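Working notes, structure below.
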Amino acid sequence: MSHTVVIPCAGKGTRLYPMTKNTSKSMLDLGNFKIIDYAISESLMSGATKIILIISPDDLKLKKHINNIYNSNKLPFVQDINKFTIDFIMVEQITPKGLGDAINLAKVHISENHFGIILPDDFIFSTNPILKNMREVSLNLKSNILLGKKISKDLVSNFGIIELSDYKNSSYRKVACLKEKPHPNNTQSNISILGRYYLSTKIFDYLDILNPGHGGEIQLTDALVELLKSENFYVIDNQSIHFDVGSKDGYNDANNYLSQL
Ligand code: G1P
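Under my numbering, the first residue of the sequence shown carries the number 980, and numbering increases by one thereafter.
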């Protein structure tokens, strides 16, 4: 069964400056690999048949790395990439206009009804790929699936925030409302959206017509808010170790963690 995963990697990496001065965030070392390699492995292990990378036009290192990925055959958790048949597509995001804009660039390459998204900044260390689990739950519930993480209340304005409805079972809960980086006074919830999504391609109808939102950018969460009016969303809690490797502390912590394994 075909399964597409979109990996946006065109972000400027300003929080990691000056490390990202000459190397994009995705190409920074993480353990024995690059940040992007973990997202690719997670895609492969979740059954991806097509991986769409949204890249910055001048990121020659990333382009070379992807073009050479079958030859180098060096990925975390994956013994031999040649056992997988993957269609790698690189799409250039000419101007960084936000996560929603980046995802929308993948539209013309997706033919299935649902697809996955992995944000490489959210490094989740697990041999049991969460996106695989999200895809199974999505097929089962015929719904959109988000990944959630409880955060401290003072951090809600840094993330997409999930407000829950009363419905829940042991492995997932129903989403009532979503807000992109709200002021702490504007939400009772402290459940953040982590960078894994399994979504209906109907999301593109909204991404096409969205006005810029938070920070003047096209926000994926704003499109999710629109889709939530006609489709169900459920959230799975992240159970695995997670680091925000887009921040200096998270990046250093992740490298320390990996060096002690
Ligand atoms: C993006 C999303 C946000 C989500 C976060 C997860 O924010 O817009 O909703 O919570 O990823 O990492 P960004 O990290 O691009 O600011």
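All C-beta atoms in this analysis are idealised placements derived from N, C-alpha and C, irrespective of residue type, glycine included. Note that the coordinates shown come from a computational prediction; the quantities given were computed from them, not determined experimentally.
- Only residues of its own chain outside the window of five on either side were considered, and among them Val1224 have a CB closer than 6 Å to the CB of Tyr1230, listed in chain order.
- Taking the Cβ of Ser1168 as the reference point, every heavy atom of ligand 1 lies at 7 Å or farther away.
- Taking all protein chains in view, the Cβ of Ile1188 is surrounded by fewer than 16 other Cβ atoms within 10 Å, so the residue is classified as exposed.
- Counting only residues of its own chain and dropping the five nearest sequence neighbours on each side, Tyr1185 has a CB closer than 7 Å to the CB of Ala1202, Glu1205, Leu1206.
- Under the criterion of beta carbons closer than 8 Å, Ser1122 and Phe1212 qualify as touching, at roughly 6 Å.
- Inter-segment contact for the region 1018-1026 and the region 1051-1066 is present: three or more beta-carbon pairs are separated by less than 8 Å.
- Going by DSSP, Asp1184 is part of no beta strand (DSSP E) but of the alpha helix (DSSP H) stretching over 1182-1186.
- Buried is the label assigned to Lys1158, since at least 16 other Cβ atoms lie within 10 Å of its Cβ.
- Within the region 1192-1233, the complete alpha helix (DSSP H) segments of 4 residues or longer fall at 1199-1206, listed in chain order.
- Taken through DSSP and simplified to helix, strand or coil, Asp1066 comes out as strand.
- A distance below 6 Å between beta-carbons, with the five flanking residues on each side excluded, links Lys1128 to the following residues of its chain, in chain order: Ser1171, Leu1173, Asn1217.
- Around the C-beta of Asn1148, fewer than 16 other C-beta atoms lie within 10 Å, and the residue is accordingly described as exposed.
- Runs of the beta strand (DSSP E) spanning 3 or more residues and lying entirely within the region 1096-1129 occur at 1101-1104, 1123-1129, in chain order.
- For Tyr1049, the uninterrupted alpha helix (DSSP H) run begins and ends at 1048-1051, by DSSP.
- The three-state secondary structure of Ala1018, taken from DSSP, is helix.
- The C-beta of Gln1167 has fewer than 16 other C-beta atoms within 10 Å across all chains shown, which makes the residue exposed.
- Put simply, the backbone Cα of Lys1076 is about 22 Å away from that of Pro997.
- In the DSSP assignment, Asp1145 falls within the unbroken beta strand (DSSP E) covering 1139-1147.
- DSSP places Lys1043 within a helical segment (H, G or I) once states are collapsed to three.
- Spanning the alpha carbons of Gly992 and Ser1003 requires a straight line of approximately 7 Å.
- Boundaries cannot be given for Gly1010, as no beta strand (DSSP E) includes it and DSSP labels it neither H nor E.
- Ile1014 counts as buried, since no fewer than 16 other beta carbons sit within 10 angstroms of its beta carbon.
- Your pair Ile1030 and Pro1099 does not check out as a contact, with CB atoms roughly 12 Å apart and the cut at 8 Å.
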